[in-house]
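Data first, discussion second: the structure below is written as structure tokens.
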Amino acid sequence: MLSVALLSSGCGGGGSDDPAPIASTPCTSNTCSRSGATTAPSTAAALCPASLDYGTTFTGGSGSGEYIKVRFDTSKKQYQMTFVESEVPTSAGQVNGTRAGFTIVGDFDTADRYQVANAQGAATTPLKLPTAEQNRCAFVLKNGQTADGSYKVVINPNDPPMLFVGNGIVGGGIPGSTVQFDGISLAPGVQVAVVPRKTFDYYPFIAFSHTVTDFSKVAGHYNELGIHFTPSGGNFQTTAANPVGIPLGWQVDGIQLTETINADGSCTPDSGQTYTSCPTTGANWVPRMNADGSPDHVFTSAANLDLGLGNVYPDAGAGQLQSAFAGNRAHGILIAGDLNGQVVPVVIRVGYAHSGTGLSDSSVDDQLGISLLAPAHKLDSWSLAGAFIGANSVTACGLVSAYAATSASPPIFEGACLDDTTTTHAGVNYTSTLFEGASAAFLDPFTSTAATNFSLDFTQTQPGLVKVTALNPFTSGAASIFQAGDTGYLIKVGSVYAMLMNGAGRPNPFFTIGAFVQ
1 MLSVALLSSG CGGGGSDDPA PIASTPCTSN TCSRSGATTA PSTAAALCPA
51 SLDYGTTFTG GSGSGEYIKV RFDTSKKQYQ MTFVESEVPT SAGQVNGTRA
101 GFTIVGDFDT ADRYQVANAQ GAATTPLKLP TAEQNRCAFV LKNGQTADGS
151 YKVVINPNDP PMLFVGNGIV GGGIPGSTVQ FDGISLAPGV QVAVVPRKTF
201 DYYPFIAFSH TVTDFSKVAG HYNELGIHFT PSGGNFQTTA ANPVGIPLGW
251 QVDGIQLTET INADGSCTPD SGQTYTSCPT TGANWVPRMN ADGSPDHVFT
301 SAANLDLGLG NVYPDAGAGQ LQSAFAGNRA HGILIAGDLN GQVVPVVIRV
351 GYAHSGTGLS DSSVDDQLGI SLLAPAHKLD SWSLAGAFIG ANSVTACGLV
401 SAYAATSASP PIFEGACLDD TTTTHAGVNY TSTLFEGASA AFLDPFTSTA
451 ATNFSLDFTQ TQPGLVKVTA LNPFTSGAAS IFQAGDTGYL IKVGSVYAML
501 MNGAGRPNPF FTIGAFVQ
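Everything in the sequence shown is counted per our numbering, starting at 1 for the first residue and increasing by one.
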């Protein structure tokens with residue numbers, strides 16, 4: 001599948017906090033998982049197509065809440081990316097102009113050919129992977145702009161977006177942006193929906209070359225894990241000076257629930273959970289249509305909650321401002337990837353914001369995010385054997401500030417991701433995960449060294465939710481992403497997995513989604 005080494009070559013030694021190496025072993029014919037494809041290491045095979053042209057479209061979504069289609073021309077080393085739906089502004093300082101509907105074209109290099117000058121001026125290849133096949137399938141995006149040049153993405157050459165192309169799937173990072181907004185005026189000197197300036201070098205992304213369009217194949221009982229961000233923040237974010245809550249911006253919330261996606265497109269959460277309604281489904285899911293009336297091969301869900309300020313879309317967390325006096329285009333997109341015969345549902349929350357002269361002619365429903373759904377069936381340990389790779393939420397949120405919880409029951413502890421670019425460490429941002437039995441490890445895909453280890457508990461009080469405990473801290477420079485002893489859960493559907501750490505009642509959730517390598 002996606003291109004990266006098996007990464008069983010061990011890890012650095014030293015202190016007692018150094019993660020220990022784990023090796024990977026294949027399952028046997030009578031021990032492979034019954035639910036979906038078993039992801040055990042296999043003999044070397046082509047990790048991606050021998051060539052690609054614009055006739056192949058990958059349909060997917062990003063952690064920025066964008067619905068995107070991307071194509072590659074490997075003969076020209078060029079890509080074409082269409083932001084079909086997006087809340088991401090085209091420039092800082094405003095929210096009304098977004099990159100929705102824009103198509104950019106740009107150049108890419110394979111990972112071994114992408115060069116950056118070091119401090120001495122010598123050319124280096126910092127993103128080179130261990131083997132020629134891995135490098136052939138890893139595309140580093142160098143630039144991108146619309147045909148008329150009206151919109152150009154800004155690429156940090158020291159931290160460029162990188163896409164790992166596989167057979168039927170692509171994942172990694174797409175071009176980011178800088179976002180900032182002074183807010184909507186309520187009165188002189190009083191602003192709401194203020195968005196602090198924040199730069200994203202790239203956003204995590206996953207897409208598929210084939211999707212399922214028959215919703216009866218999507219309907220089912222699922223576990224959902226994901227992460228959402230609210231640029232304008234919420235009233236339950238805290239500081240030492242405001243321990244009861246004040247909007248700070250860039251609120252981050254984990255998504256963790258078990259639900260039934262019904263055949264009519266509605267969603268029903270299981271009882272006894274924090275969420276009493278589905279936070280990523282609004283009105284019933286229906287097929288999305290293109291502007292010309294043709295089917296678009298994904299599903300959409302509209303804003304349907306009337307909170308007295310116009311219909312808004314369900315959201316995660318608490319305390320966010322949601323008003324729709326000027327209408328609301330916030331909605332959900334469900335991309336049902338078809339990967340080796342397995343349905344892989346990915347849900348994107350596309351937010352919406354419009355700034356008028358005041359609140360009465362403005363709209364704010366700006367939460368955005370991504371989540372993965374996996375069948376609520378028990379996972380066997382051998383179904384997770386092998387290596388996976390993908391991007392994670394560190395690119396958007398690594399350093400989380402939070403002073404205190406505003407409620408213990410239900411738990412409300414909202415964090416703020418107020419750092420600018422969190423980390424430019426590609427070995428942290430692009431997480432490679434190696435599984436063996438009841439153990440797992442994050443590894444740097446470029447050096448094959450471990451970043452942290454985990455223990456896995458396959459007891460599964462809720463079938464399909466595997467408890468994860470960090471055995472070592474996960475850090476990137478000064479950013480402490482999570483600590484030893486922190487817990488979370490993982491899910492798996494087909495050859496795609498997702499992990500959410502610190503997802504319930506914690507201010508600093510971490511999320512990663514990745515695809516099987518070998």
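The beta carbon of each residue, even a glycine, is placed where N, CA and C say it ideally should be.
Keep in mind it's a predicted model, so treat the numbers as computed, not measured.
Based on Cα-Cα distance, which residue from the options lies nearest to residue i?
i	options	result
C397	F181, S150, F510, V179	F510
I370	A92, I412, S383, A316	A316
L127	F388, K142, D270	K142
F446	E436, A45, D457, T431	T431
L465	I255, P157, A123	I255
T199	E259, V394, L384, S75	V394
N472	T452, T487, Q462	T452
T260	K76, A219, I491	A219
P507	Q191, P411, Q273	P411
S62	A123, G173, P161	G173
S294	Y497, K467, P269, T213	T213
A138	A479, L434, L305, L129	L129
L456	T124, E436, N284	E436
S232	S271, Q191, G226, K217	Q191
S150	R99, A123, T131	R99
T82	A92, G97, G93, K69	K69
Which whole-angstrom value describes the C-beta separation of residue i and residue j, a residue pair presumed to lie in contact below a C-beta threshold of 8 Å?
i	j	result
L307	Q322	6 Å
V350	G60	Contact flag wrong, Cβ pair sits at about 13 Å.
V400	G415	4 Å
P463	K378	4 Å
F181	V95	5 Å
G310	F299	At roughly 23 Å, the Cβ-Cβ gap does not stay under 8 Å, so G310 and F299 are not in contact.
S209	F58	5 Å
T131	Q115	Wrong, their Cβ atoms sit about 19 Å apart, outside the cutoff.
I491	L225	5 Å
Would you tell me roughly how many angstroms separate the C-alpha atoms of residue i and residue j, rounded to the nearest one?
i	j	result
C32	N242	Since pLDDT at C32 reaches only 32, below the 50 mark, its modelled position is unreliable, and no value is offered.
V105	Q78	7 Å
D18	M501	With a pLDDT of 36 at D18, under the threshold of 50, the predicted position of this residue should be treated as unreliable, though the coordinate-derived value follows. So the alpha carbons of these two residues sit roughly 20 Å apart.
D365	Y313	7 Å
A187	A193	13 Å
N235	G245	5 Å
A240	P247	13 Å
N118	E66	34 Å
T74	V140	12 Å
A450	S439	13 Å
F72	T56	8 Å
S355	S363	7 Å
T433	N223	20 Å
V517	G327	44 Å
Q80	L373	28 Å
F454	G514	16 Å
G503	A318	14 Å
I184	L384	48 Å
Q273	A353	30 Å
A303	Q367	13 Å
A479	A426	14 Å
Which stretch, first to last residue, makes up the alpha helix (DSSP H) that contains residue i?
i	result
E66	E66 -> no alpha helix (DSSP H), and no H or E assigned at all.
A132	132-136
A426	426-429
Would you mind reading off the limits of the beta strand (DSSP E) that contains residue i?
i	result
G505	Looking at the DSSP string, G505 is not in any beta strand (DSSP E), and its letter there is neither H nor E.
V493	487-493
R349	342-350
V195	195-208
V286	286-289
G398	Element bounds for G398: n/a, residue is neither H nor E.
D548	There is simply no residue 548 to check, as the chain begins at 1 and stops at 518 in what is shown.
C267	267-269
G172	169-181
T110	103-110
T258	251-261
P295	295-302
Y79	78-85
T230	220-230
Q191	190-192
D365	363-365
Could you say if the stretch 200-209 and the stretch 168-179 meet the contact criterion of at least three C-beta pairs nearer than 8 Å? Yes, since at least three Cβ pairs between the stretch 200-209 and the stretch 168-179 fall closer than 8 Å, the two stretches touch.
If we count Cβ pairs, one from each stretch, closer than 8 Å, do we get three or more for the stretch 158-172 versus the stretch 328-336? Judged by Cβ distances under 8 Å, the stretch 158-172 makes no contact with the stretch 328-336, as fewer than three pairs qualify.
Could you tell me whether the stretch 477-485 touches the stretch 346-362, where touching means 3 or more Cβ pairs closer than 8 Å? Segments in contact, no.
The stretch 288-298 touching the stretch 403-413, judged by at least three CB pairs closer than 8 Å: no
Stretch pair the stretch 80-88 + the stretch 376-390: three plus CB contacts closer than 8 Å: no
Three-pair Cβ contact test at 8 Å for the stretch 259-277 versus the stretch 50-66: no
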